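A short worksheet on the structure shown next.
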Amino acid sequence: MPDPYTVLGVSKTASEDEIRQAFRKLAKKHHPDLNPGNKEAEAKFKEISQANEILSDPEKRRRFDAGEIDASGQEMPPRGFYQDEAGGPSGRKYYRAGGHEDFVDMGGIFSEMFGQRRGFSGGAQGFEGFDMGGLPVSYTLAVPFLVAARGGKQRVTLPDGRTLDIDVPEGTSDGTTLRLKGQGMPGGKGQPPGDAYVEIRVQPHAFFEARDNDIHVEVPVTLREAVLGGRIKVPTVGGSVMLSVPAGSNSGTTLRLKGRGLLDRKSSQHGDQYVKLKVMLPDKSDDKLKAFLESWEAGKAQDPRQAMEQFT
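First residue of the sequence shown: 499, per the working numbering; consecutive thereafter.
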């Protein structure tokens, strides 16, 4: 993985706000929803999402800066603990740790702990006279925002190279851990394999923002829609719905769509969606609109910044 600071284009001394702004700018540019069918944009979005996951979390950022984790968030091995697959001691078998590039010498670890007393036989066979169950493995799996919100299947690669399509439940939140029974390392002498634990990292969306089980989204409206009111189509995680904009709405006016948020898996209830309106002027200059505003006496008298004077 590339250096996360380089990916987001920020310095190592960047503030949290600078990191957040850099990520949002790049996310809006490369989000797959805004670049349908563009594999390069999809790959770039995954890269900036991973970089943001490291740098937006103060503890992960500290650990990365200290060399304790790598750019993908995986633990950096203590010196001498991990060895190259091809360069390890003769006869040792290596198991992939968490589906990533490093390989853990399980034989060496257990030999140090028990070898002098029981005699380590190597591989998945456990110890002489000791039947060992399979070891658990863990993964971190990036899941698109809408897959986590709606539920769906996501593919994960197991340590032995097999792929498995797992069911991501509707309303899965960031940091949720799913257990895959029997999908860990094989046990010794006929013992059952261990389990696999998949930590879900929900990728950010181009315009949806989750706050607990509620969804917040900023939606542009025309000057005509803001002044006169009307019905507009608004995206939700469950599909587009029609929303009534009251006449005289301002930028910042927030409307609620009840029950259009994320599923709360504990209560089986959905949160709400909050729609913040943003009034947009026409892209091209309109002479009639300009002439009207120049002759609009009430508009000349309006001072929307008057309340700010008491604080300056």
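Just so it is clear, CB atoms sit at the ideal spot from N, CA and C, and this is done for glycine as well. Since we're looking at a predicted model, the values are computed, not measured.
{"query": "Once you ignore the five residues that flank Glu723 on each side, which residues in its own chain have a CB closer than 7 Å to its CB?", "result": "Ile730 and Val743"}
{"query": "For Asn550 and Gly669, what's the separation of their Cα atoms in angstroms?", "result": "22 Å"}
{"query": "For Phe643, collect the residues of the same chain with a Cβ closer than 7 Å to its Cβ; drop the 5 residues on either side in sequence, then sort them by chain order.", "result": "Val700, Gln701, Pro702, His703 and Phe706"}
{"query": "For the region 714-723 against the region 540-547, do three or more pairs of beta-carbon atoms, one drawn from each stretch, fall closer than 8 Å, so that the two count as touching?", "result": "no"}
{"query": "With distance defined between alpha-carbon atoms, name the residue in Ser747, Asn748 and Val739 nearest to Gly757.", "result": "Val739"}
{"query": "In the structure shown, what three-state DSSP assignment does Gln800 receive?", "result": "coil"}
{"query": "Taking Lys448 as the reference, give the member of Ser793, Val635 and Glu792 with the closest Cα.", "result": "Here the chain covers residues 499 to 810 and nothing more, so residue 448 does not appear."}
{"query": "Along the chain, where does the alpha helix (DSSP H) that runs through Pro556 open and close?", "result": "Pro556 to Asp563"}
{"query": "Taking 9 Å as the CB-CB limit, is Asp770 close to chain D?", "result": "Of the chains in the structure shown, none is chain D; there is only one protein chain."}
{"query": "Examine the Cβ distances between the region 685-696 and the region 747-765 and report whether three or more of them are shorter than 8 Å.", "result": "no"}
{"query": "Identify every residue that forms a DSSP beta bridge with Gln652.", "result": "Ile664"}
{"query": "Could you check which residue in Ile713, Asp563, Lys687 and Leu676 has the C-alpha nearest to that of Tyr695?", "result": "Leu676"}
{"query": "Output yes or no for whether 9 Å exceeds the beta carbon distance between Leu639 and Ile698.", "result": "yes"}
{"query": "Could you tell me the distance, in whole angstroms, from the CA atom of Leu791 to the CA atom of Gly797?", "result": "7 Å"}
{"query": "Using DSSP bridges, identify the partner residues of Thr752.", "result": "Lys774"}
{"query": "Does the distance from the C-beta atom of Leu662 to that of Ile713 stay below 9 Å?", "result": "no"}
{"query": "Sort Arg754, Glu516 and Leu721 by Cα distance to Pro733 and report the nearest one.", "result": "Arg754"}
{"query": "Does DSSP put Gly620 in a helix, in a strand, or in coil?", "result": "Confidence in Gly620 is poor, its pLDDT being 40 and thus under 50, which makes the residue's placement unreliable; the coordinate value appears in the next sentence. Gly620: coil per DSSP, three-state reduction."}
{"query": "For Val735 versus Arg803, is the C-beta spacing smaller than 9 Å?", "result": "no"}
{"query": "Is it buried or exposed, Asp789, if we count other Cβ atoms within 10 angstroms and call 16 or more buried?", "result": "Residue identity differs from the one stated: residue 789 is Ala in this sequence, not Asp. Answer is exposed; the Cβ neighbour count stays below 16."}
{"query": "Which residue's Cα is closest to the Cα of Pro684: Gly632, Ala708 and Asp665?", "result": "Gly632"}
{"query": "Which of helix, strand or coil does DSSP assign to Pro718?", "result": "strand"}
{"query": "What distance in whole Å lies between the Cβ atoms of Gly565 and Ile552, which are believed to be in contact at a cut-off of 8 Å?", "result": "The pair is not a contact, with the Cβ atoms about 13 Å apart (cut-off 8 Å)."}
{"query": "By the 10 Å Cβ neighbour count, where 16 or more other Cβ atoms means buried, how is Arg709 classified, buried or exposed?", "result": "exposed"}
{"query": "Which residues share a DSSP beta bridge with Glu697?", "result": "Thr638 and Thr675"}
{"query": "Quick check: the Cα distance between Tyr772 and Gly737, rounded to an integer number of angstroms?", "result": "15 Å"}
{"query": "Looking at Ala569: is its Cβ nearer than 9 Å to the Cβ of Pro502?", "result": "yes"}
{"query": "Sorted by chain position, which residues of the same chain lie with C-beta nearer than 6 Å to Phe562's C-beta, five sequence neighbours on each side aside?", "result": "Ile552"}
{"query": "Indicate the three-state DSSP secondary structure (helix, strand or coil) for Gln548 in the structure shown.", "result": "helix"}
{"query": "Secondary structure at Ser793, three-state DSSP: helix, strand or coil?", "result": "helix"}
{"query": "Note down the Cα distance separating Gln800 from Leu787, rounded to an integer number of angstroms.", "result": "18 Å"}
{"query": "From Lys764, His528 and Ile664, pick the residue whose C-alpha is nearest to that of Gln681; which is it?", "result": "Ile664"}
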